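Have a look at the structure below before the remarks.
Numbering (our numbering), first residue to last: 12 to 298.
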């Protein structure tokens with residue numbers, strides 16, 4: 012039998028060869044041709060090169076701003092200063108944001124705003140605290156990653172806050188959680204005077220600033236805890252020295268005496284030691 016390769020080429024030979032080769036493959040109904048990454052779907056035009064360049068430049072500018080902000084915030088400074096710079100830079104960097112504030116959860120679920128970019132942000136935060144409703148409260152208390160109000164005119168989740176927000180000139184709100192190793196520490200609150208001001212890309216940028224602010228607060232809490240621990244150990248050591256000198260005790264006996272007295276009086280060991288150091292008096296004894 013004569014093979015295709017044995018035939019002499021003719022004017023229609025190559026065309027016939029291509030036809031036979033292509034028709035020899037089974038045809039799959041509904042099969043889709045693979046496209047290269049970035050290709051536009053069939054029948055649609057892809058983004059124009061000029062538009063792609065603009066988007067790339069915009070992304071680079073945002074990246075540069077965030078890197079610059081990170082360098083500024085990582086330098087030595089008081090925590091309140093760093094938080095104030097964080098909200099200021101966030102308000103300037105996140106497109107659509109007019110002002111921003113940080114909500115911090117203290118002990119006993121107390122809420123406060125230690126840093127804000129304008130008085131309007133402070134007023135919006137405090138309005139939510141006073142009414143006990145709003146996206147920043149839900150985010151800070153319940154550990155939600157983020158909550159957003161597209162337009163206070165149409166949002167029905169927090170009606171009292173929505174009514175007050177209109178009076179403050181606020182139309183859009185975006186609250187992002189400040190996460191720490193032991194839970195949510197607060198929220199970064201972004202406000203806009205226009206409805207629908209925050210899109211998906213804006214939210215991602217805000218979440219980056221929220222993560223940075225959460226790291227700052229976590230570091231501050233750790234520093235306070237370490238200082239408290241060191242101070243407590245120092246006071247306990249001094250109190251032990253007082254007992255050892257007065258009652259000719261060993262270090263072990265002095266510590267056991269402090270521990271026993273702490274349990275009997277239902278007083279924390281560090282508080283008992285501080286009382287002995289500051290007053291020179293032992294519990295149950297008078298000067």
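Think of the CB as a built atom: it goes at the ideal place given N, C-alpha and C, for glycine as much as any other residue.
Computed from a prediction, not measured in an experiment: that's the story for all the values here.
Ordered along the chain, which non-local residues of its own chain (more than five positions away) have a Cβ less than 6 Å from that of residue 260? 254
Could you tell me if residue 293 is buried or exposed, where buried requires 16 or more neighbouring beta carbons within 10 angstroms of its beta carbon? buried
Could you check the C-alpha separation between residue 112 and residue 91 for me, to the nearest Å? 12 Å
Residue 142 versus residue 122: straight-line alpha-carbon distance, rounded: Roughly 12 Å separates the two Cα atoms.
Leaving out five residues on either side along the sequence, give the residues of the same chain with a beta carbon under 7 Å from the beta carbon of residue 189. 195, 196, 197, 198, 199, 221, 224, 225 and 228
The alpha helix (DSSP H) spanning residue 159 covers which residue range? Residue 159 -> not in any alpha helix (DSSP H); beta strand (DSSP E) instead, spanning 157-160.
Collapsed DSSP secondary structure at residue 146 in the structure displayed: helix
Going straight from the alpha carbon of residue 124 to that of residue 155, what length do you get? Each residue's Cα considered, the two are about 19 Å apart.
Select from 139, 180, 193 and 187 the residue whose C-alpha is nearest the C-alpha of residue 168. 139
Name the DSSP beta bridge partners of residue 183, please? 203
In whole angstroms, what separates the C-alpha of residue 276 from that of residue 117? Distance between the alpha carbons of residue 276 and residue 117: 28 Å.
On the DSSP letters alone, give me the boundaries of the beta strand (DSSP E) that residue 115 sits inside. 110-116
Could you please give me the residues that DSSP links to residue 254 through a beta bridge? DSSP, once it has assigned bridges, lists no residue as partnering residue 254.
Considering only the beta carbon of each residue, do residue 284 and residue 246 sit closer than 8 Å? yes
Once DSSP output is grouped into helix, strand and coil, what is the label at residue 32? Residue placement at residue 32 is poorly supported in this model, since its pLDDT is 40, which falls under 50; the coordinates still yield a value, given next. Helix.
In this structure, how does DSSP classify residue 99 when only helix, strand and coil are distinguished? helix
Cβ distance (whole Å) where residue 165 is taken to contact residue 136 below 8 Å: Not confirmed; about 22 Å, so no contact.
Nearest-angstrom Cα distance between residue 120 and residue 152? Cα-Cα distance, rounded: 8 Å.
Between which two residues does the alpha helix (DSSP H) holding residue 261 run? For residue 261, no alpha helix (DSSP H) encloses it, and the DSSP letter there is neither H nor E.
Between the C-alpha atoms of residue 252 and residue 127, what's the straight-line distance to the nearest angstrom? Approximately 47 Å between the Cα atoms of the pair.
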